[in-house]
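These notes concern the structure reproduced below.
Number of protein chains: 2
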Amino acid sequence: MRKGRKARQASDAAPARKVDYRNLKNPFPQMKAFSDDHIATMHEAALDMLERLGIKVLLPEARDAFRKAGAKVDESTEMVFIGREIVQAALASAPKSIPVAGGARDRDIVLELGNLVFQPGAGAPHASDRIKGRRPGTWEDYQDLTRLTQHFDVLHMVPPLVEPQDIPMHLRHYATMDAQLRLTDKVPFVFSRGTPQVEQSFEMLAGFRGLSDDAFHAGSQCYTIINTNSPRTIDIPMAQGLIDFAKAGQVSIVTPFTLMGAMAPITVAGAITLSHTEALAAITLTQITREGAPVCYGTFTSNVDMKSGAPVFGTPEHFRASLAAGQLARLIGLPWRSASGSAANSNDVQAANETQFGTWGCLMAGATVVIHAAGWLEGGLTVSYEKLITDIEVLQMVAELCAAGETGGADLGLDAIEDVQPGGHFFGTPHTMARYQTEFYEPLVADYANFGTWTERGETDATTRATGIWQDILAQPSPIKPDDNAMGQLQDYIAKATAAGGAAPVS
Amino acid sequence: MRKGRKARQASDAAPARKVDYRNLKNPFPQMKAFSDDHIATMHEAALDMLERLGIKVLLPEARDAFRKAGAKVDESTEMVFIGREIVQAALASAPKSIPVAGGARDRDIVLELGNLVFQPGAGAPHASDRIKGRRPGTWEDYQDLTRLTQHFDVLHMVPPLVEPQDIPMHLRHYATMDAQLRLTDKVPFVFSRGTPQVEQSFEMLAGFRGLSDDAFHAGSQCYTIINTNSPRTIDIPMAQGLIDFAKAGQVSIVTPFTLMGAMAPITVAGAITLSHTEALAAITLTQITREGAPVCYGTFTSNVDMKSGAPVFGTPEHFRASLAAGQLARLIGLPWRSASGSAANSNDVQAANETQFGTWGCLMAGATVVIHAAGWLEGGLTVSYEKLITDIEVLQMVAELCAAGETGGADLGLDAIEDVQPGGHFFGTPHTMARYQTEFYEPLVADYANFGTWTERGETDATTRATGIWQDILAQPSPIKPDDNAMGQLQDYIAKATAAGGAAPVS
Chain C
251 MRKGRKARQA SDAAPARKVD YRNLKNPFPQ MKAFSDDHIA TMHEAALDML ERLGIKVLLP
311 EARDAFRKAG AKVDESTEMV FIGREIVQAA LASAPKSIPV AGGARDRDIV LELGNLVFQP
371 GAGAPHASDR IKGRRPGTWE DYQDLTRLTQ HFDVLHMVPP LVEPQDIPMH LRHYATMDAQ
431 LRLTDKVPFV FSRGTPQVEQ SFEMLAGFRG LSDDAFHAGS QCYTIINTNS PRTIDIPMAQ
491 GLIDFAKAGQ VSIVTPFTLM GAMAPITVAG AITLSHTEAL AAITLTQITR EGAPVCYGTF
551 TSNVDMKSGA PVFGTPEHFR ASLAAGQLAR LIGLPWRSAS GSAANSNDVQ AANETQFGTW
611 GCLMAGATVV IHAAGWLEGG LTVSYEKLIT DIEVLQMVAE LCAAGETGGA DLGLDAIEDV
671 QPGGHFFGTP HTMARYQTEF YEPLVADYAN FGTWTERGET DATTRATGIW QDILAQPSPI
731 KPDDNAMGQL QDYIAKATAA GGAAPVS
Chain B
251 MRKGRKARQA SDAAPARKVD YRNLKNPFPQ MKAFSDDHIA TMHEAALDML ERLGIKVLLP
311 EARDAFRKAG AKVDESTEMV FIGREIVQAA LASAPKSIPV AGGARDRDIV LELGNLVFQP
371 GAGAPHASDR IKGRRPGTWE DYQDLTRLTQ HFDVLHMVPP LVEPQDIPMH LRHYATMDAQ
431 LRLTDKVPFV FSRGTPQVEQ SFEMLAGFRG LSDDAFHAGS QCYTIINTNS PRTIDIPMAQ
491 GLIDFAKAGQ VSIVTPFTLM GAMAPITVAG AITLSHTEAL AAITLTQITR EGAPVCYGTF
551 TSNVDMKSGA PVFGTPEHFR ASLAAGQLAR LIGLPWRSAS GSAANSNDVQ AANETQFGTW
611 GCLMAGATVV IHAAGWLEGG LTVSYEKLIT DIEVLQMVAE LCAAGETGGA DLGLDAIEDV
671 QPGGHFFGTP HTMARYQTEF YEPLVADYAN FGTWTERGET DATTRATGIW QDILAQPSPI
731 KPDDNAMGQL QDYIAKATAA GGAAPVS
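If you read the protein sequences in the order shown, they are chains C and B.
Taking this note's numbering, the leading residue of the first sequence gets 251, the next gets one more, and so forth.
Taking this note's numbering, the leading residue of the second sequence gets 251, the next gets one more, and so forth.
This is how it looks when you write it as structure tokens:
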């Protein structure tokens, strides 16, 4: 096809199409899992449970904070009973909009309802790819996956993709902060593994960005994820994290991880009510620590396979749980995170379908932050390099829909329709020629060759092609050029802290 | 996990869960591609084009019908200029709700806005599976794929899955009608390949169902798909099909197949405006043939890859085209069909992601009938047995969301939450025990084994597992037991008609 070949030559020379995937607004209508009345009942039940049944808080400092805020505390059982007025005050003071600084102004994000932020899979003990197979995550994997995260604009925050298990726990936070600042300029992550590691992470980040203590505390520069221990427990590092991040003005993303039928009631309504209860307690702890501290509501509620007890993701129940959590988030008005994911063991059709299904649940639930949106296999035990790439294709297609107003427009092409007679075609019309390089999404992994050509080229499937894509990206030098002085200062800090014995995690 | 094993034993013995996938209402909020004003402009532009630019109608009988209805006809160019009042009268008389009879009352469907009907991939010249590879479609494939379509309640109509190329064209309609009536009780399909084949197909169907001519004409028993020839042409078999089906009270699903940048303008707005124009002409032909004739609005608009000219599906542009068509369908109030699909060459992650992405476009567009929702590869050149199975998993998960009101409920499980102390679990609570066999979707293809078990079992991917699933279904005898007399009468009819030379298609 003549115009087709012209198009290819031109676009090979100078790809003219550039759609902004960085600042996404969620354009999808929001779907309800339950009536507004039911949602109000769930919220009321959560408030009642916190007041009457209480929540177990393992950290004495946190119980003390709750007591000072007016909650009843039973030290013998470590149970905290939080009056609804305390929770409601916390919901009133929690900010509805949270700016978070990346390493460059065009990487800053704002967490608020209506915005849409994607993260790849986080926290996996293993990494896998088609070359080296599945193995415990390493420092090399952490860096490579962080670089891949940097490469794609549709990923907006850096999560702890895999655990670099070849680095001892008391030194791991140095390595991960070093990699995040050296290889990305997106919003970085800090694990809540006790005050010593958190404080050192803040110091490294503030130092690198040239921020005084006051400046660092005045605006959010990083985030952590807080998982409660369902049912109804906040453990020591999580409580400490909520306090430390709140004091420092840094973002806690509160995420009870509740599996229906296991650590939560088997119904979506029940599991989400429990999740909401725990989230409210955690949010309250941030606000009684520092009024107005940045905190993001969240849920990660899915079901277990009742035949094996295994957690599963991207199921209808997971989808409905996201919808219900979204309704509760809108009720309290806070930005919130949800999650996609897959239980599949390889980057196959099951993996693709589960992750995309879970992602649509998040999108139609109005999630602000969608975590595990790319690369996550085995219910989080592995991040796959290939799945990262193939899921990013889906996220980019979603981002195209977010940006459609800019790229598509409502141009009817009536002149073109008038010009082309019955039996003709539109390949060569001025209307087409003016747009053919920029009108359509250009795929990352999809192969549009016909069967004959595809066969001649070796019948590669999308997963195989994905290997070539991540290899090509990693073969290039990192595009991030950190300031030499800042980097030197960071290395000095790490060398001294390492020499001083590092900082063990608190559990 | 103790309860898990119990659950498995119990559910192996007597699967208690049964969700009705047969009569689906679309629960998804509908999304707009354009403002209501833009949609009104597109509709006005379509009316204006039909009146002023006209449409080419190759069938003299159809031009004659248009002329009698008041349209201007130029016989030398075969162009028909349809005044807007003629189109508007047709839109007023087209029924908004179309009951269509299956072979059993619990397979009847109603085509109207709000209902949701799925069809697998249709019209492919090739079939493929992992055992026999890709080959021209055969009579065996047609029957096998029809049986698989029968097996899954989430598929509601029988399409012409593959062309049985080993049966001559002048006899093919006997074979396909025989297979549909022998192997399924779902709504059957008739190709519009000229009056002789259509009339014989009606006779076979009416005879088999024991319906007099009057009874057959009084209610819809089958359907056809009418593709216009974009831009702005209705060819002879298509026009004849519209007339024949309208006269007989059978359903035409009107589907301009417009590829943006090829046979339609490159913009979504332009392509959908052209598609709408053509659809309005076809709908009008049905209504001037028989007022109130059952006709379904439709579109199948996607883009081409501007590098190769190849049609692509499940893209952001395809998604947006579905949304726009849905807005136009709601404007005119008619039930409508959209389509999913994939351009991938094998049942890989690309194939899964494209089909699911396209399906969500249809769902959020409020499509009544979603065609090519399972099994369709290579932009329709192949129906894959394995992709049929893996896509059905997605459709079943969607159907679970449609049925969530029945299965999930708003049960908060507050007693269970109160009973389970911090650190406990919900596996054994009465709330869980009462529901564990019925609360969650049971997957068709998904494997929830952990990595170790999955590896021991041979690391099968979803596509490989799908092979076993379709083989198991086809290894069972067909559950359909057609009436012996009706079947005998049909065979007699076919034998006589075959002896008489069959019926050649008209083109």
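For each residue, glycine too, the CB sits at the ideal point set by N, CA and C.
Rounded to the nearest angstrom, what separates Ala290/C and Phe550/C at their Cα positions?
20 Å
Return the first residue and the last residue of the alpha helix (DSSP H) that Tyr392/B is part of.
Trp389 to His401
When you compare each of Gly460/C, Ile582/C, Met488/C and Thr717/C to Leu395/C by their alpha carbons, which one comes out closest?
Thr717/C
Please state whether DSSP places Ala696/C in a helix, a strand or coil.
coil
Less than 8 Å between the CB atoms is what I'm expecting for Ile417/B and Thr682/C, so what's the real figure, rounded?
No, Ile417/B and Thr682/C are not in contact; Cβ-Cβ is about 40 Å, not under 8 Å.
Do we get a CB-CB distance below 8 Å when we pair Trp720/C with the residues of chain B?
no
Whole angstroms is fine: what's the gap from Gly608/C's alpha carbon to Glu362/C's?
21 Å
List, in order along the chain, the chain C residues whose C-beta lies closer than 9 Å to that of Lys306/B?
Gln671, Pro672 and Gly673
DSSP-derived helix/strand/coil call for Glu628/C:
helix
In terms of residue numbering, what span does the beta strand (DSSP E) encompassing Met329/B cover?
Met329 to Phe331
Please determine, among Phe316/B, Arg355/B, Ala514/B and Arg540/B, the residue with the shortest C-alpha to C-alpha distance to Ala498/B.
Arg540/B
Proximal residues of chain B, C-beta to C-beta of Glu668/C below 7 Å
Leu303
Would you kindly work out how many angstroms separate the C-alpha atoms of Leu341/C and Pro585/C, rounded to a whole number?
12 Å
What do you reckon, are the CB atoms on Ala712/B and Val695/C nearer than 8 Å?
no
For Thr291/B, the three-state DSSP class (helix, strand or coil):
helix
Could you check whether Gly564/C and Asn603/C sit closer than 8 Å to each other, using their CB atoms as the reference points?
yes
Beta-carbon separation (whole angstroms), Ser502/C vs Thr536/C, contact threshold 8 Å
6 Å
Is the CB-CB distance between Ile538/B and Glu311/B below 8 Å?
no
Where Cys652/C sits in the DSSP three-state scheme
helix
Please state whether DSSP places Cys472/B in a helix, a strand or coil.
coil
I'd like to check one pair, Ala319/C with Ile305/C: are the Cβ atoms closer than 8 Å?
no
Does the beta-carbon of Ile381/B have 16 or more other beta-carbons within 10 angstroms, so that it is buried, or is it exposed?
exposed
Tell me whether the region 508-515 of chain B and the region 667-687 of chain C touch, counting them as touching only if at least three CB pairs, one residue from each stretch, are closer than 8 Å.
yes
Whether or not the region 401-414 of chain B and the region 449-457 of chain B are in contact is what I'm after, with contact meaning three or more pairs of Cβ atoms, one per stretch, closer than 8 Å; do they touch?
no
Would you check if the region 566-579 of chain C and the region 635-646 of chain C touch, i.e. whether three or more CB-CB distances between them fall below 8 Å?
no
Give, in chain order, every unbroken run of the alpha helix (DSSP H) that is at least 4 residues long and sits entirely within the region 319-392 of chain B.
334-343
Going along chain C, which residues have a C-beta under 9 Å from Thr483/B?
Pro672 and Gly673
Buried or exposed, going by whether 16 or more other CB atoms sit within 10 Å of the CB of Asp697/B?
buried
Under the three-state reduction of DSSP, which class applies to Lys253/C: helix, strand or coil?
In this prediction, Lys253/C scores a pLDDT of 38, lower than 50, which makes its location untrustworthy; the coordinate-derived value is nonetheless stated afterwards. Lys253/C: helix per DSSP, three-state reduction.
Please compile the residues from chain C whose C-beta is within a distance smaller than 7 Å of the C-beta of Gln577/B.
Residues of chain C passing the Cβ test: none, with the nearest at roughly 12 Å.
For Ile203/C, which of helix, strand or coil comes out of DSSP?
Here chain C covers residues 251 to 757 and nothing more, so residue 203/C does not appear.
Interface residues of chain C around Gln741/B at Cβ under 9 Å?
Simply none; closest approach about 37 Å.
By how many angstroms is the C-alpha of Gly678/B removed from the C-alpha of His622/C?
30 Å
Spatial neighbours of Asp286/C within its chain, please: CB distance less than 8 Å, with the 5 preceding and 5 following residues excluded, ordered by chain position.
Gln577
For the region 596-612 of chain C, which residues have a CB atom closer than 8 Å to at least one CB atom of chain B, in sequence order?
Ser596, Asn597, Asp598, Val599, Gln600, Ala601, Ala602, Asn603, Glu604, Gln606, Phe607 and Trp610
Since Gly520/C meets chain B, which of its residues come closer than 9 Å, beta carbon to beta carbon?
Asp661, Leu662, Gly663, Leu664, Ala666, Ile667, Phe676 and His681
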